[in-house]
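Asks:
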Amino acid sequence: MSKKMSTENNSGSKQATTGRMAEGVTVNEDEVAFFARIADQWWDENGPFRPLHLLNPTRLAYIRAAINAHTGTSETSLKPFEGIRILDIGCGGGLLSEPLCRLGASVTGVDASERNIEVAKIHATRMGLTIDYRNTTAEALAEAGEQFDVVVNMEVVEHVADVPAYLAACRALVKPGGLMLMSTLNRTARSFIFAIVGAEYVLRWLPIGAHDWNKFLTPRELADALKTAGFTPEAPTGFVFNPLTGNWKLSDRDVAVNYAMGAVAA
Amino acid sequence: MPHDQTTDIAILGGGLAGLAAGIGLAAHGLDVTVIDRGEPGDQTLESFDGRSSAIAYASCNLLKAIGVWEHLEGRHQPIREIRVSDGPSLMHLHFDHRDLGAGPLGEMVENRHMRLALHARAKELPNLRHLAPASVTEIERDAVAARLTLADGNTITAWLLLGIDGRASQARRDAGITVTEWGYDQVGIVCSIEHELPHGGVAHERFLPSGPFAILPLTGNRSSLVWTEKQHLADTVMGLSPRAFEAEVQRRCGDFLGKVKVIGGRWCYPLTLQFADRYTDTRLALVGDAAHGIHPIAGQGLNMGLRDVAALIEVIVEAARAGLDIGSGAVLDRYARWREFDNVTLMGVTDVLNRLFSNDIAPVRIARDLGLAVVDRIPPLKNFFMAHARGTVGTLPKLLSGDRL
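Chains as they are written, first to last, in this note's numbering: chain D, 2 to 267; chain A, 171 to 575.
1) Near V241 (chain D), what residues of its chain come up, given a Cβ to Cβ distance below 6 Å and the 5 sequence neighbours on each side ignored?
2) Contact defined as beta carbons within less than 8 Å: I believe L472 (chain A) pairs with L186 (chain A). What is the distance between those atoms, to the nearest angstrom?
3) Based on the DSSP output, what are the partners of M181 (chain D) in its beta bridges?
4) According to DSSP, simplified to helix, strand and coil, what is Y354 (chain A)?
5) Less than 7 Å between C-beta atoms, sequence neighbours within five positions excluded: which residues of the same chain meet that for T233 (chain D)?
6) Taking the straight line between their C-alpha atoms, what separation do you get for L245 (chain D) and L301 (chain A)?
7) Straight-line CA distance for F193 (chain D) to R221 (chain D)?
8) Count the other CB atoms, across all protein chains shown, that sit within 10 Å of the CB of V203 (chain D); report buried if there are 16 or more and exposed otherwise.
9) Distance check for D459 (chain A) and T442 (chain A), CA to CA, integer angstroms please.
10) Which residues in chain A have a C-beta closer than 9 Å to the C-beta of E46 (chain D)? List them in chain order.
11) Mind checking if T72 (chain D) is an interface residue toward chain A, Cβ cutoff 8 Å exclusive?
12) Please list the partners that G199 (chain A) has in chain D, where partner means a Cβ-to-Cβ separation under 9 Å.
13) Check the DSSP bridge columns for A316 (chain A) and list the partner residues they point to.
14) By how many angstroms is the C-alpha of N231 (chain A) removed from the C-alpha of G499 (chain A)?
15) Tell me, please, whether the CB atom of R491 (chain A) is closer than 8 Å to any CB atom in chain D?
16) Provide the residue span of the alpha helix (DSSP H) that contains H124 (chain D), from first to last.
17) Give the residues of chain D in contact with V314 (chain A), contact being defined as C-beta atoms less than 8 Å apart.
18) Could you pull out every residue in the same chain whose Cβ sits closer than 6 Å to the Cβ of T189 (chain D), ignoring the five residues on either side in sequence?
19) Listing by chain order, which chain D residues have their CB less than 9 Å from the CB of L494 (chain A)?
20) Give me whichever residues DSSP pairs with V198 (chain D) in a beta bridge.
21) Which first and last residues belong to the beta strand (DSSP E) in which P382 (chain A) is found?
22) Just to confirm the assignment, what range does the beta strand (DSSP E) spanning I181 (chain A) have?
23) Is F193 (chain D) helix, strand or coil when you go by DSSP?
24) To the nearest angstrom, report how far apart V314 (chain A) and L454 (chain A) are at their CA atoms.
25) Excluding the 5 residues preceding and the 5 following V175 (chain D) in the sequence, name in chain order all residues of the same chain whose CB lies nearer than 6 Å to its CB.
26) Who are the neighbours of R65 (chain D) on chain A, taking C-beta pairs under 9 Å?
27) Under 8 Å, do E416 (chain A) and V432 (chain A) count as touching if we go by C-beta distance?
28) Mark A489 (chain A) as exposed unless 16 or more other C-beta atoms lie within 10 angstroms of its C-beta, in which case mark it buried.
29) Measuring CB atoms only, is the region 208 to 215 of chain A touching the region 307 to 322 of chain A, in the sense that at least three cross pairs come out at less than 8 Å?
30) Taking the CB atoms as reference points, tell me whether R282 (chain A) and D219 (chain A) lie closer together than 8 Å.
31) Give a yes or no on contact between the region 75 to 95 of chain D and the region 108 to 121 of chain D, applying the rule of three or more CB pairs nearer than 8 Å.
32) Name the chain B residues whose beta carbon is nearer than 8 Å to that of H54 (chain D)?
33) With the cut-off set at 8 Å, would you say Y58 (chain D) and N69 (chain D) are in Cβ contact?
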């Protein structure tokens, strides 16, 4: 099994001792309160996860448009994804799972961090959303034989040790003809400055050491790896950050730092 | 028995801007509940509000996009030209829509007709509930939702509360948002006239020493007047006999419309400028007069409200289509950043215009006469003012540019 961590991991806070909760034994009141506090942090747009909140509308615009195009669903409906089963890998506190659920999809969110899953569950309940959150990995889910219409795989692959093995597991999770959406960082001089120097050292958006630039994949390398895993990759879309306004936008041309790529399971 | 109703968006205030917002949001698929204290039937009587509104070209685009305009068939008068002149001088400024190439500068619509059109459109939308008369006794807002308790004990839970409840906004007061306000020692006296000669779709704005005097074309041989007067003369003017009032109106209009006759009532409003120190709070956004009240000198009050509405619809619909929480701080911040700058700019311009034109000091008068003449001769400057009148300056919401979301 490859070792993964989500960028949405709140590595700044202390780790909870939550071993008992996964086994479904008694839920400790203090632990619930502890998770509720982290949930507030996760969803505080000016809190430690501000960078993700800034990026979120742009990634969602990309995800929505890509699923609309793939499934031929309405671009303007507020519930376009009814009847579509979506898996969100590395779901963190649920920043993508909740919107996809609101859009009508039946969503399963998985995260290797048990703490993230507890946080995500608390927040979804508070917002009245029904999401199947599980503290597991893509590999374990694939072994169990689960399949989805769409797999959302945002900002995960750059943290994966064995990319071919991971993508093979992802392929098993997508129904034939289904769609996988990935986003990651390109390996360019600009991405080194932006992600490592900028985001980790200067802005302190991410913990230092969160990323290993040498492991970043270029769009071409990712497309090749996807083909090998049994996908038909689509052209990449850039997520471009404007440091002056703090806003992100989608770009067909600028894929030098953050980019996304859709891939259809053959 | 009290029951709890859930809705996506609760709107406090069912006036022109409140209903337009509710309709626009519902037309894009959101579930909306509009709550208003007044009896809807009463608000469409001429005695309730005899005013008319100059709807800027951009605002017309919004009303078309949300399906309201078609209910105004035969009840709007295009403004084809605007003539601005200074009291005793011959210098003047002349805005003609042909200079800009497309469509009229704006449209005059009587407020009660606008209300009827909004009510008719609201009825077509099953996901829009219009609770009126109804009043809110308690407002609670937290990280998850806004909850309103009504006087009848029922509650409404929404992701977002919009305060579109006017200058004395209950939503604003409840949130503890303060306002900055100043008066002008002026009142606006409003009435409608019938006249012998056709107005030809021309709007006139005259800068008299007591303040601006506007003659705005209505359908048929009728016009709406906005007569700005010094505060201390307001009671005298309002107390004039019908015949004396009509004589005063005739004197101010001059004879280019022939004999004029006052129809319906007269209304008097104090002219003040106020703006909320913040537009948003937890799960709350202020819109229109609740956020900013403006001196009606440039006829921009409702237009500013409709610009808020158009920006808000765009921001909320984009968020809802991305599946985002429509009442979250990020969504509300985007609205506030977009509108605050625009509104403060327009209020500043309007304030300066009023101070400049509401006096009779000779050097100021000469300077502004020259100014009018200069603006009239410099096409780019003139076009800027015309674009302002049409409401097409600044970062326009899509619904104001004639685009769809």
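All C-beta atoms in this analysis are idealised placements derived from N, C-alpha and C, irrespective of residue type, glycine included.
Replies: To lay it out plainly:
1) Position 240 of the first sequence, counting from 1, holds the residue named residue 241 (chain D). Answer for V241 (chain D): K250, S252 and D255, listed in chain order.
2) If you number the second sequence from 1, residue 472 (chain A) lands on position 302. If you number the second sequence from 1, residue 186 (chain A) lands on position 16. Indeed, because the Cβ distance is near 6 Å, the residues count as touching under 8 Å.
3) In the first sequence, residue 181 (chain D) corresponds to position 180, counting from 1. DSSP output for M181 (chain D) lists D:V152 and D:A264 as bridge partner(s).
4) The residue you call residue 354 (chain A) lines up with position 184 of the second sequence. Residue state, collapsed to three classes: strand.
5) For the purposes of this step, residue 233 (chain D) is identified with residue 232 of the first sequence, where counting begins at 1. Excluding residues within five positions, the ones whose Cβ falls inside 7 Å are A264, V265 and A267.
6) Residue 245 (chain D) sits at position 244 when you count from the first residue of the first sequence. Residue 301 (chain A) sits at position 131 when you count from the first residue of the second sequence. Cα to Cα, L245 (chain D) sits roughly 44 Å from L301 (chain A).
7) The residue given as residue 193 (chain D) occupies position 192 in the first sequence. The residue given as residue 221 (chain D) occupies position 220 in the first sequence. Looking at the two C-alpha atoms, the distance is approximately 18 Å.
8) The sequence position of residue 203 (chain D) within the first sequence is 202, counting from 1. Taking all protein chains shown into account, V203 (chain D) has fewer than 16 neighbouring C-beta atoms within 10 Å of its C-beta and is therefore exposed.
9) To locate residue 442 (chain A), count along the second sequence from 1; it is residue 272. To locate residue 459 (chain A), count along the second sequence from 1; it is residue 289. When rounded, the distance between both Cα atoms is 11 Å.
10) Position 45 of the first sequence, counting from 1, holds the residue named residue 46 (chain D). Per Cβ cutoff of 9 Å: S498, G499, A500 and D503.
11) Within the first sequence, residue 72 (chain D) is the residue found at index 71, counting from 1. Among the CB atoms of chain A, none fall inside 8 Å of the CB of T72 (chain D).
12) Translated into the one-based positions of the second sequence, residue 199 (chain A) becomes position 29. Correct list: T77, S78, L79 and K80.
13) For the purposes of this step, residue 316 (chain A) is taken as the residue at position 146 of the second sequence. Looking at the DSSP output, A316 (chain A) sits in a beta bridge with A:R311 and A:A328.
14) Numbered from 1 along the second sequence, position 329 holds the residue referred to as residue 499 (chain A). Numbered from 1 along the second sequence, position 61 holds the residue referred to as residue 231 (chain A). Spanning the two alpha carbons is a distance of roughly 29 Å.
15) Position 321 of the second sequence holds residue 491 (chain A). R491 (chain A) belongs to the set of residues whose beta carbon lies under 8 Å from a beta carbon in chain D.
16) Here the question's residue 124 (chain D) lines up with position 123 in the first sequence. That run of the alpha helix (DSSP H) goes E115 to R127.
17) On the second sequence, position 144 is the one that residue 314 (chain A) refers to. Residues of chain D whose Cβ lies closer than 8 Å to the Cβ of V314 (chain A) are, in chain order, R127 and M128.
18) Counting from one through the first sequence, the residue named residue 189 (chain D) turns up at place 188. Sequence-distant partners of T189 (chain D) (beyond 5 residues in either direction) whose C-beta falls short of 6 Å from its own C-beta, in its chain, are A257.
19) For this step, residue 494 (chain A) is matched to residue 324 along the second sequence. Under the 9 Å cutoff, chain D gives N57, P58, L61, E99, P100 and R103.
20) In the first sequence, the residue the question calls residue 198 (chain D) occupies position 197. V198 (chain D) pairs with nothing; no bridge assigned.
21) Your numbering for residue 382 (chain A) matches position 212 in the second sequence. Residues G381 to L388.
22) As a position in the second sequence, residue 181 (chain A) is number 11, starting the count at 1. From DSSP, the beta strand (DSSP E) with I181 (chain A) extends over D174 to L182.
23) In the first sequence, residue 193 (chain D) corresponds to position 192, counting from 1. Reduced to three states, the DSSP call for F193 (chain D) is helix.
24) Residue mapping note: residue 314 (chain A) aligns to position 144 of the second sequence, counting from 1. Residue mapping note: residue 454 (chain A) aligns to position 284 of the second sequence, counting from 1. Spanning the two alpha carbons is a distance of roughly 12 Å.
25) Position 174 of the first sequence, counting from 1, holds the residue named residue 175 (chain D). Excluding sequence neighbours, V175 (chain D) sits near V152, M181 and A266.
26) Position 64 of the first sequence, counted from the start, is the residue given in the question as residue 65 (chain D). Per Cβ cutoff of 9 Å: R491, A492 and G493.
27) The count along the second sequence starts at 1 and reaches residue 416 (chain A) at position 246. The count along the second sequence starts at 1 and reaches residue 432 (chain A) at position 262. In contact: E416 (chain A) and V432 (chain A) (Cβ atoms closer than 8 Å).
28) The residue labelled residue 489 (chain A) in the question sits at position 319 within the second sequence. So A489 (chain A) counts as buried.
29) no
30) The residue you call residue 282 (chain A) lines up with position 112 of the second sequence. The residue you call residue 219 (chain A) lines up with position 49 of the second sequence. Taking 8 Å as the Cβ cut-off, R282 (chain A) and D219 (chain A) qualify as a contacting pair.
31) A contact between stretches requires three or more CB pairs, one per stretch, nearer than 8 Å, and the region 75 to 95 of chain D meets this requirement with the region 108 to 121 of chain D.
32) Chain labels in this structure do not include chain B; the protein chains are D and A.
33) In the first sequence, the residue the question calls residue 58 (chain D) occupies position 57. In the first sequence, the residue the question calls residue 69 (chain D) occupies position 68. Looking at the sequence itself, residue 58 (chain D) is Pro, so the reference to Tyr does not match. The answer is no: Cβ separation not under 8 Å.
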